[in-house]
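For reference, the structure is listed below as structure tokens.
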Amino acid sequence: MKKFWNWVKNEQGERTLLLESTIAEESWYGDEVTPAAFREELFAEDGPITLSINSPGGDTIAASQIYTMLMEYPSDVTVKITGIAASAASVIAMAGTKVTMSPTSMMMVHNPFTVAMGDSAEMRRASQLLDEVKESIINAYELKTGMSRTRLSHMMNDETWMNAVKAKELGFCDEILFTDDTPVAEDAQFFATGSCYARKAVMNCLLDKIRAEMPADESTSSSPETENRTPAADLMDRLARIKYDYEWRNP
105 MKKFWNWVKN EQGERTLLLE STIAEESWYG DEVTPAAFRE ELFAEDGPIT LSINSPGGDT
165 IAASQIYTML MEYPSDVTVK ITGIAASAAS VIAMAGTKVT MSPTSMMMVH NPFTVAMGDS
225 AEMRRASQLL DEVKESIINA YELKTGMSRT RLSHMMNDET WMNAVKAKEL GFCDEILFTD
285 DTPVAEDAQF FATGSCYARK AVMNCLLDKI RAEMPADEST SSSPETENRT PAADLMDRLA
345 RIKYDYEWRN P
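When you number the sequence shown by my numbering, it's gap-free, plus one each residue, and the end is 355.
Have a look at this one:
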């Protein structure tokens, strides 16, 4: 039996399951030995575990069984995608109590495929099998993301690649490693204005720039150049209201 997984422990005794290669070079269909060995090692101890994934995918039957075993595991399973979780590996990732991704990692979903030979009837049977396998995979994605089956099906048709930000945005990932809880897709917007970035910072920066352009003293003359100007005090009052409204809508 050639194992594609490995267990490591840290000094605190916390277990990490490493999936860092092709998931089952040989199909688990009809294999009673390998799945049993995986299950025995998984349930040999209790307590939370970390599942570290860097895999291009592999056998859908193996992925299904591993997914089911992890879902049955009584303690928390924290998935950590360090490089890539593609194809069948992305299905396994959906079993995590929490799914985390490195900022540089990728996830990919696509339609299942197989090799078949025979007459037209055999080809139709192979096509029907692939359709059912796809539906079973969508079940795992739907449970994790809450997305519609139609949208998930389209993503698989298109062979969708997701970086960590996109995966989090779509619900495939819960947390991006090495970052705080600020939503990256909304707040990590950088502007060519020095250190002004993120929505609130941009608002404050904009207000500071407007204030800097205001005249220090208001003119009391009624010359054509000044008679249509809004008094600086009124502008400051408007800016304060804009800021209050913005912060109320974006706590």
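Glycine included, every Cβ here is placed at the ideal spot set by N, Cα and C.
7 Å Cβ cutoff met for residue i and residue j
i      : j      : result
Leu122 : Asn114 : no
Val357 : Gly200 : Residue numbering for the chain in the displayed model covers 105 to 355; residue 357 lies beyond these limits and cannot be assessed.
Met210 : Trp265 : yes
Asp150 : Ser179 : yes
Of the listed residues the options, nearest to residue i (C-alpha basis)
i      : options                           : result
Val203 : Ala220, Leu281, Glu145 and Asp262 : Leu281
Thr154 : Ile196, Ala128 and Lys107         : Ile196
Ser125 : Thr138, Phe108 and Ser131         : Phe108
Ser89  : Ser131, Ala192, Asp278 and Asp223 : What the structure shows of the chain is the stretch from 105 to 355, and residue 89 is not part of that stretch, so it cannot be assessed.
Thr172 : Ser159, Pro139, Phe276 and Ile185 : Pro139
Ile241 : Asp150, Ala192 and Phe147         : Ala192
Asp135 : Glu149, Gln169 and Leu146         : Gln169
Ile157 : Ile185, Met221 and Gly250         : Ile185
Ala274 : Asn261, Glu263, Met251 and Met260 : According to the sequence as given, residue 274 is Leu; it is not Ala. For Leu274, the nearest C-alpha among the options comes from Met251.
Glu263 : Thr254, Arg253, Ala190 and Met198 : Ala190
Asn243 : Met198, Glu118 and Lys106         : Met198
Alpha carbon of residue i to alpha carbon of residue j, nearest angstrom
i      : j      : result
Met175 : Lys248 : 12 Å
Glu239 : Glu144 : 29 Å
Thr120 : Pro152 : 9 Å
Pro216 : Ile188 : 18 Å
Leu256 : Ala128 : 25 Å
Glu290 : Phe276 : Note that Glu290 scores a pLDDT of 43, beneath 50, so its modelled location is shaky; the value from the coordinates is reported in the next line. Glu290 and Phe276: Cα-Cα distance of roughly 17 Å.
Val137 : Ser159 : 22 Å
Met259 : Asp235 : 15 Å
Ala141 : Val237 : 24 Å
Thr261 : Thr254 : Per the sequence presented here, residue 261 reads as Asn, with Thr not at that position. Near 11 Å, if we compare the C-alpha coordinates of Thr254 and Asn261.
Arg228 : Met221 : 11 Å
Ala268 : Thr208 : 7 Å
Ala148 : Glu226 : 42 Å
Leu146 : Ile165 : 18 Å
Thr283 : Ala230 : 44 Å
Lys106 : Lys270 : 35 Å
Glu118 : Val183 : 14 Å
Buried or exposed by the 16-neighbour rule on C-beta atoms within 10 Å, applied to residue i
i      : result
Glu322 : Since pLDDT at Glu322 reaches only 49, below the 50 mark, its modelled position is unreliable, and no value is offered.
Ala167 : buried
Gln56  : In the structure as shown, the chain begins at 105 and stops at 355. Residue 56 is therefore absent and cannot be evaluated.
Lys272 : buried
Asp163 : buried
Gln116 : exposed
Ser194 : buried
Val112 : exposed
Val219 : exposed
Expected contact under 8 Å - CB spacing of residue i and residue j to nearest Å
i      : j      : result
Val213 : Tyr245 : 7 Å
Within-7 Å CB hit, residue i to chain D
i      : result
Thr283 : In the structure shown, chain D cannot be found, because there is only a single protein chain.
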